[in-house]
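Read through the structure below, which is laid out as structure tokens, and then see the notes.
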Amino acid sequence: MGGMLSQPVTDKRSNEGKGLGLSYGLSSMQGWRTEMEDAHDVKIGLKYGLEDWSYFAVFDGHAGKRAAAFAAWNLLEFILRDTQFKLDTENLPEYVCIEPDLNKLNDVIREETGDSTKTLPECEQQSNRVKVTEGPESSNQNISSSDQTASAGESNRSQSSTTTQDNKTSQSSSPPRSHSTSSPETDPTKQDNQSKDGVNQSDKLVPNLSKFAKLPVMEQLDLVESAIKSGFLRIDQSMRDSSRDMSGCTAVCALISPTHLFIANCGDSRAVLYGGESQVKFATEDHKPLNPKERRRIINAGGSATQRINGTLAVSRALGDFEFKKDALRGPCEQLVSPEPEVTVIERHPDDQFLVLACDGIWDVMDNELLCWFIAYKLKVEPSLKNVCNSVLDLCLHKGSRDNMSIIIVVFENGPKFSEIERQRDLKNDEHIAEVVRTFGEKQDDFNEFFFNLKEYRFCDIRKRLEDMGGYLPPGGNLEAKFDMIHDIFEKEFEEKLDSKTDDDQ
1 MGGMLSQPVT DKRSNEGKGL GLSYGLSSMQ GWRTEMEDAH DVKIGLKYGL
51 EDWSYFAVFD GHAGKRAAAF AAWNLLEFIL RDTQFKLDTE NLPEYVCIEP
101 DLNKLNDVIR EETGDSTKTL PECEQQSNRV KVTEGPESSN QNISSSDQTA
151 SAGESNRSQS STTTQDNKTS QSSSPPRSHS TSSPETDPTK QDNQSKDGVN
201 QSDKLVPNLS KFAKLPVMEQ LDLVESAIKS GFLRIDQSMR DSSRDMSGCT
251 AVCALISPTH LFIANCGDSR AVLYGGESQV KFATEDHKPL NPKERRRIIN
301 AGGSATQRIN GTLAVSRALG DFEFKKDALR GPCEQLVSPE PEVTVIERHP
351 DDQFLVLACD GIWDVMDNEL LCWFIAYKLK VEPSLKNVCN SVLDLCLHKG
401 SRDNMSIIIV VFENGPKFSE IERQRDLKND EHIAEVVRTF GEKQDDFNEF
451 FFNLKEYRFC DIRKRLEDMG GYLPPGGNLE AKFDMIHDIF EKEFEEKLDS
501 KTDDDQ
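Just so we're aligned: 199 in UniProt numbering is position 199 of the sequence shown, and the numbers increase by one with no gaps anywhere.
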């Protein structure tokens with residue numbers, strides 16, 4: 001979906017941060033698309049007594065950017081305010097959804113790390129508000145108990161074979177950090193719930209999480225799973241109630257507690273966990289129309305399931321996309337397109353290295369293993385996590401991605417560490433690659449043809465020559481990872497060729 005440009009937009013929105021033993025980097029790029037429809041959200045330290053939890057999410061929009069923007073601004077609140085999650089919500093003020101002004105919105109980035117909140121100025125100026133009551137009862141009545149029961153059966157749970165006594169859930173005694181933005185104009189709790197003494201009521205009325213903390217671990221996990229699924233269904237209904245917009249978005253998000261990862265995916269955005277013996281430990285499964293379970297639901301709802309639903313939509317689960325959710329006799333999880341996420345609970349382990357959340361613009365050209373190998377390599381030679389993310393976007397662009405691209409990399413305490421020794425080794429390796437490219441690269445007028453010949457016809461020669469020199473091609477990236485450097489070599493060689501030809505003519 002979406003039109004294409006004659007040249008890609010390669011400007012990037014990127015950032016990085018750390019907290020709670022996690023480091024993260026993020027980056028997004030419009031690429032070849034006429035609009036940037038992706039969005040993402042980052043929170044280090046949540047409110048409602050969950051100061052030692054974090055949240056990361058990527059939303060890939062299609063047919064417009066409203067669905068992705070709305071989800072980025074509101075999904076976490078729908079999850080945290082679910083009665084299943086918090087158990088005690090009766091004292092909380094009513095939540096007011098934030099609707100960013102899309103006419104002034106070029107990109108959607110919500111980040112909150114500790115006391116600092118970063119939002120785009122365009123979003124802070126104007127917003128519409130949609131009130132949402134607490135709990136699943138606020139959703140459309142079509143969200144039936146049978147839907148909720150069916151949802152519970154679809155979750156996955158991955159338990160580590162080893163646990164440590166230190167991995168118990170801890171509750172911080174420090175006051176919760178606000179989830180709201182720094183702008184009073186778009187902060188519904190500050191505007192609607194300010195007390196006479198100037199203290200935000202939502203900060204004072206923290207739910208009693210002692211009940212939650214005292215529950216058996218397995219029951220806690222079930223409650224969080226249910227809250228995530230309910231949050232997705234309720235925000236989807238809120239999107240429908242608050243606008244006639246027909247855009248949609250896929251979503252992948254991760255709630256990270258001190259002991260567990262709660263990963264939810266809806267559509268073809270993907271999460272990948274890397275660790276252990278340098279391997280992919282877990283990856284979400286894309287929701288595509290040809291997936292047997294998805295195809296069965298689509299056909300039962302009266303649709304056709306090929307590569308696209310009814311020849312139009314390439315994903316079978318998404319938020320929004322209400323053109324595909326019109327059957328009043330079916331619940332939300334039984335429509336042509338379902339808003340139900342698939343939730344996986346994974347016990348954290350000391351050998352976890354990093355978690356990747358990315359839209360399909362990344363996965364269209366990189367498989368799970370190759371991307372993780374490339375990230376692990378870059379983390380050792382590049383000190384900036386946002387620059388690592390930028391390198392991934394550039395690599396995918398050079399590999400042929402034609403879509404918007406967004407990625408979040410969350411590095412755990414035992415993830416790959418930057419090493420100056422490794423960086424110097426990599427810089428030396430660049431010299432080897434440049435020398436080999438000059439040796440095997442045949443001078444041509446067109447760089448694309450020059451590069452194509454290198455990677456298609458000279459690749460084995462280049463790799464062998466590098467090995468003889470003690471060099472290497474970047475793991476997972478190969479020659480595309482050095483695209484810009486090779487382009488510089490080509491321009492220099494081509495200029496010399498032109499100068500030489502001019503001298504001969506004279």
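We put the beta carbon where it would ideally sit given N, CA and C, even for glycine.
Note that the coordinates shown come from a computational prediction; the quantities given were computed from them, not determined experimentally.
Close beta carbons around Ile299, own chain, < 8 Å, minus the five adjacent residues each side: Ala305
Asp11 lies in the beta strand (DSSP E); which residues open and close that run? 4-19
Quick check on Val388: does DSSP put it in helix, strand or coil? helix
Let me know the secondary structure DSSP gives Glu412 once reduced to three states. A small correction: the amino acid at residue 412 is Phe; Glu does not occupy that position in the sequence shown. Correct three-state label for Phe412: coil.
In angstroms, rounded to a whole number, what distance separates the CA positions of Gln353 and Phe322? 38 Å
Alpha-carbon to alpha-carbon, Leu22 and Gly45: Their backbone Cα atoms lie some 11 Å apart in a straight line.
Which residue from Gly477, Tyr24, Trp53, Glu16 puts its Cα closest to that of Pro258? Trp53
Pull up the DSSP beta-bridge partners for Tyr274, would you. Val280, Phe354
Name the DSSP beta bridge partners of His260, please? Glu347
For Lys417, which residues of its own chain have a beta-carbon under 8 Å away from its beta-carbon, when the five flanking residues on both sides are left out? Leu379, Lys380
Leaving out the 5 sequence neighbours to the left and right, which residues in its chain are closer than 7 Å to Ser116 when beta-carbon positions are compared? Residue placement at Ser116 cannot be trusted, given a pLDDT of 34 that sits under 50; the coordinates are not used to answer.
Check for me: the alpha helix (DSSP H) holding Ala57 runs from which residue to which? Run containing Ala57: none in the alpha helix (DSSP H); it sits in the beta strand (DSSP E), 54-62.
In chain order, what residues of the same chain lie with their CB nearer than 8 Å to the CB of Leu5, ignoring the 5 residues before and after it? Trp32, Arg33, Thr34
Using the rule of at least 16 other Cβ atoms within 10 Å of the residue's Cβ for burial, across every protein chain shown, is Pro289 buried or exposed? buried
Roughly how many angstroms separate the alpha carbons of Asp245 and Asp82, rounded to a whole number? 25 Å
If contacts are defined as beta-carbon pairs under 8 Å, then Arg317 and Glu340 qualify, I think. What distance do you get, rounded to the angstrom? 7 Å
Do the CB positions of Gly64 and Ser247 come within less than 8 Å of each other? yes
Cys253 classed as buried or exposed, judged by whether at least 16 other C-beta atoms fall within 10 angstroms: buried
Over what stretch of residues does the beta strand (DSSP E) that includes Gly231 continue unbroken? Where Gly231 is concerned, there is no enclosing beta strand (DSSP E), although the alpha helix (DSSP H) it sits in stretches over 217-242.
Reducing DSSP to helix, strand and coil, say where Gln444 ends up. Here DSSP, grouped into helix, strand and coil, assigns Gln444 to coil.
Beta-ladder partner(s) of Asp38, from DSSP: Asp60
Using three-state DSSP, classify Gln141 as helix, strand or coil. Summary for Gln141: the model assigns pLDDT 34, below 50, so the residue's position carries little reliability; its value from the coordinates is reported in the next sentence. In this structure, Gln141 counts as coil in the three-state DSSP scheme.
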